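**Student:**
Residue numbers (my numbering): 19 to 158.
This is how it looks when you write it as structure tokens:
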């Protein structure tokens, strides 16, 4: 069973903002990567179909498949860090509130929110609280 990673999208306002920032980085670098301090010790499990789940403003909103994990050298210090190589496709999830944390966390497969179905994609920019209320009422 795949193991996932949970990460705060610091400085990101919404999914559209994340999409714009990543499009710019992809154009600059040729691949989409997020550099973090530490290589996951359970990297093999993460690469068996794992995704990076983004927490945007305290709510898990979107995920991206993890394609690779690479050690990279920091220019200034010469130390190594880990680059999460991401699939550019953003896959929306059912919004789930999440408390902030530092760094990244492992995210077990049985805890991840389900993907937002294609029929619900049009609601992606709706405030998560409103979406939760409409879902509770059985309207979406």
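Beta carbons: idealized from backbone N, C-alpha and C, even for Gly. None of the values given here were measured: they were computed from a predicted structure.
Count the other C-beta atoms from every protein chain shown that fall within 10 angstroms of the C-beta of residue 53, then say buried if there are 16 or more, exposed otherwise.
**Tutor:** Here residue 53 corresponds to residue number 35 of the chain shown, with the count starting at 1. Per the 10 Å Cβ criterion, exposed.
**Student:** Quick check on the burial criterion: 16 or more other C-beta atoms within 10 angstroms. Buried or exposed for residue 27?
**Tutor:** Within the chain shown, the letter at position 9 stands for residue 27. Buried, since its Cβ has 16 or more Cβ neighbours within 10 Å.
**Student:** Residue 79 lies in the beta strand (DSSP E); which residues open and close that run?
**Tutor:** Here residue 79 corresponds to residue number 61 of the chain shown, with the count starting at 1. Residue 79 -> beta strand (DSSP E) spans 77-91.
**Student:** Given that a residue counts as buried once 16 or more other Cβ atoms are within 10 Å of its Cβ, and exposed if not, what is residue 34?
**Tutor:** One-based indexing of the chain shown puts residue 34 at position 16. Its Cβ having fewer than 16 others within 10 Å, residue 34 is exposed.
**Student:** Please specify which runs of the alpha helix (DSSP H), each continuous and at least 4 residues long, are wholly inside the segment 26-66, giving them in chain order.
**Tutor:** 33-47 and 61-64
**Student:** Would the beta-carbon of residue 37 fall within 8 Å of that of residue 78?
**Tutor:** Residue numbering aside, residue 37 sits at position 19 when the chain shown is read from its first letter. Residue numbering aside, residue 78 sits at position 60 when the chain shown is read from its first letter. No.
**Student:** Can you check whether the CB of residue 51 is closer than 8 Å to the CB of residue 103?
**Tutor:** Numbered from 1 along the chain shown, position 85 holds the residue referred to as residue 103. Numbered from 1 along the chain shown, position 33 holds the residue referred to as residue 51. Yes, they are a contact pair.
**Student:** With three or more beta-carbon pairs closer than 8 Å as the criterion, would you say the segment 89-99 touches the segment 122-131?
**Tutor:** With the cut-off at 8 Å, the segment 89-99 and the segment 122-131 do not touch.
**Student:** Output yes or no for whether 8 Å exceeds the beta carbon distance between residue 105 and residue 89.
**Tutor:** For the purposes of this step, residue 105 is taken as the residue at position 87 of the chain shown. For the purposes of this step, residue 89 is taken as the residue at position 71 of the chain shown. Not in contact: residue 105 and residue 89 (Cβ atoms no closer than 8 Å).
**Student:** Distance check for residue 58 and residue 100, CA to CA, integer angstroms please.
**Tutor:** Walking along the chain shown from the start, residue 100 turns up at place 82. Walking along the chain shown from the start, residue 58 turns up at place 40. C-alpha separation (whole angstroms): 8 Å.
**Student:** Just to confirm my understanding: we take residue 121, look at its own chain, exclude 5 residues before and 5 after, and list those with CB closer than 6 Å. What are they?
**Tutor:** Mapped onto the chain shown, residue 121 falls at position 103. Closer than 6 Å at Cβ, skipping near neighbours: no residue.
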